[in-house]
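Residue numbers (my numbering): 16 to 328.
First comes the structure, then the notes that go with it.
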Ligand SMILES: C[S@@+](CC[C@H](N)C(=O)[O-])C[C@H]1O[C@@H](n2cnc3c(N)ncnc32)[C@H](O)[C@@H]1O
């Protein structure tokens, strides 16, 4: 049931906005409803991605528990938490970040050579800034992919932030002991990616071929919720409110075609309204990534689907 008493009036009003605009909308506290994720032998994500959905996986699994689908489409791939968790037999994976997709292509095609390269790399602040200043296109393929993994694992919170020229500019993360890669996992990821088509285009191109019976998981960049929480800068292209409106149109088109569609985003009244008429749920969970310490409170994630979302187990 609703946990409105736990929110201020303003927050309650926001939630009310979502409820008015949706078939269903309730607030779930993830930690209370779902047990911690269990470790198993599945291939795990090779990158840690700001905005990644690893902590939302129990909820996403519950949303999909009664669903079946043919092909898996993930047009905002990032670290691909749900893709690795579901390990689908056929997938179309896309991200506008071409360095990211290039890296996945190398993982898929050359896991052993990539591991050998990563094993030689020394983690230090000076090496981080040296590698960060290198233009990736100037490097041989293996070194380019290794650079991407190195910077991702050692930068601040896995945040992929670029300047106006598209150059990576996230600072060093002081992440303690960092393991750049695990050989067995790289091989597992490589096997899994062999079932997938990898693309680096706008999300709209990546879902064009989705048909009835396919599953499309949409996890777009967040609308910023505060002055410093600017998660839009994953690529030099930003994702504005207007992009969210167009995405909602794409959601409707996919739903009309007969695809199963699931979208996750940080809860925001404007976003919830865009999906008026679809099933919505709000899940509250701890936040770990923010540019400022004070932002590390709780966040509310909005889930939208064209099928009923059954979160209680
Ligand atoms: C919230 S992240 C996805 C996180 C992912 N679900 C995970 O678990 O790691 C959003 C991703 O969308 C990508 N992106 C931004 N704009 C895009 C666009 N127009 N088309 C496709 N991908 C885009 C970003 O590069 C980023 O990796």
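Ideal Cβ placement from N, Cα and C applies to all residues, glycine included.
Worksheet item: Near residue 269, which residues of its chain fall below 7 angstroms by C-beta distance, leaving aside the five closest residues on each side in sequence?
Response: 222, 225, 231, 276
Worksheet item: How do the region 105-120 and the region 209-221 stand: do at least 3 beta-carbon pairs fall below 8 angstroms, yes or no?
Response: Taking a cut-off of 8 angstroms on C-beta distances, the region 105-120 touches the region 209-221, as three or more cross pairs fall below it.
Worksheet item: Looking at the structure shown, is residue 296 part of a helix, part of a strand, or coil, going by DSSP?
Response: strand
Fill in: Opposing strand residues paired with residue 301 [DSSP bridges]
313
Practice prompt. Within its chain, find whatever has a CB closer than 7 angstroms to the CB of residue 157; leave out the 5 residues flanking it on each side and keep chain order.
Written response: 121, 125, 128, 129, 132
Item to complete: Identify which residue in 180, 56, 95 has its Cα closest to the Cα of residue 213.
Response: Check the Cα spacing between residue 213 and each of 180, 56, 95: the tightest is with 95.
Worksheet entry | Minimum C-alpha distance to residue 168 - residue among 211, 87, 137, 92 | 137
Worksheet item: Taking three-plus beta-carbon pairs below 8 angstroms as touching, is the region 202-213 in contact with the region 146-157?
Response: no
Discussion item. Under DSSP, the beta strand (DSSP E) around residue 230 begins and ends at which residues?
Written reply: 230-233
Item to complete: Can you give me the Cβ contacts of residue 90 inside the same chain, cut-off strictly under 6 angstroms, excluding the 5 residues immediately before and after it?
Response: These residues qualify, in order along the chain: 109, 218, 221, 222.
Worksheet entry | Closer than 7 angstroms: residue 109 CB and nearest ligand 1 heavy atom | yes
Item to complete: For the region 191-198 and the region 140-155, state whether three or more C-beta atom pairs, one from each stretch, are separated by less than 8 angstroms.
Response: no
Worksheet item: Do residue 97 and residue 57 come within 8 angstroms of each other at the CB atom, strictly closer than that value?
Response: no
Worksheet item: Under three-state DSSP, which class holds residue 170?
Response: strand
Worksheet item: Can we say the region 311-323 touches the region 69-87, given the rule of at least three CB pairs closer than 8 angstroms?
Response: In short, these stretches touch, since the Cβ pair count reaches three.
Item to complete: Report the partner residues of residue 89 according to the DSSP bridge assignment.
Response: 108
Practice prompt. Ignoring anything shorter than 3 residues or poking outside the region 153-213, list the beta strand (DSSP E) runs there in chain order.
Written response: none
Discussion item. In this structure, how does DSSP classify residue 281 when only helix, strand and coil are distinguished?
Written reply: strand
Item to complete: Give the secondary structure of residue 220 by DSSP, where H, G and I count as helix, E and B as strand, and everything else as coil.
Response: In this structure, residue 220 counts as helix in the three-state DSSP scheme.
Item to complete: Say yes only if the C-beta of residue 318 is nearer than 7 angstroms to one or more non-hydrogen atoms of ligand 1, and no if none qualify.
Response: no
Worksheet item: Are the beta-carbon atoms of residue 99 and residue 229 separated by less than 8 angstroms?
Response: no
Worksheet entry | ligand 1 heavy atom lying under 7 angstroms from the CB of residue 217 | yes
Worksheet item: Around the Cβ of residue 145, are there at least 16 other Cβ atoms within 10 angstroms (buried) or fewer (exposed)?
Response: Within 10 angstroms of the beta-carbon of residue 145 lie fewer than 16 other beta-carbons, which makes it exposed.
Item to complete: Return the chain-ordered list of same chain residues with a C-beta closer than 7 angstroms to the C-beta of residue 286, the five sequence neighbours on each side being excluded.
Response: 238, 259, 280, 317
Practice prompt. Name the two residues that bound the continuous alpha helix (DSSP H) containing residue 132.
Written response: 126-135
Worksheet item: Grouping DSSP H, G and I as helix and E and B as strand, with all else coil, what is residue 148?
Response: helix
Item to complete: Could you pull out every residue in the same chain whose Cβ sits closer than 6 angstroms to the Cβ of residue 274, ignoring the five residues on either side in sequence?
Response: Cβ within range, chain order: 225, 229, 231.
Discussion item. Do residue 65 and residue 175 have their beta-carbon atoms positioned less than 8 angstroms apart in this structure?
Written reply: yes
Discussion item. Once the 5 residues before and after residue 227 are set aside, which same chain residues still bring their CB inside 8 angstroms of it?
Written reply: 272, 273, 274
Worksheet entry | Whole-angstrom distance between residue 294 and residue 80, CA atom to CA atom | 16 angstroms
Worksheet item: Contact check, residue 173 vs residue 62 under 8 angstroms by CB: the rounded distance?
Response: The C-beta distance from residue 173 to residue 62 rounds to 7 angstroms, short enough to fall under 8 angstroms.
Discussion item. Between residue 254 and ligand 1, is there a pair consisting of the residue's CB and a ligand heavy atom that are separated by less than 7 angstroms?
Written reply: Because some heavy atom of ligand 1 lies under 7 angstroms away, the Cβ of residue 254 counts as near it: yes.
Worksheet item: How would you write the range of the alpha helix (DSSP H) that residue 73 sits in, first residue to last?
Response: 72-79
Discussion item. I want to check one thing, is the minimum distance from the CB of residue 12 to the heavy atoms of ligand 1 below 7 angstroms?
Written reply: No information on residue 12 is available, as it lies outside the stretch 16 to 328 that the chain covers here.
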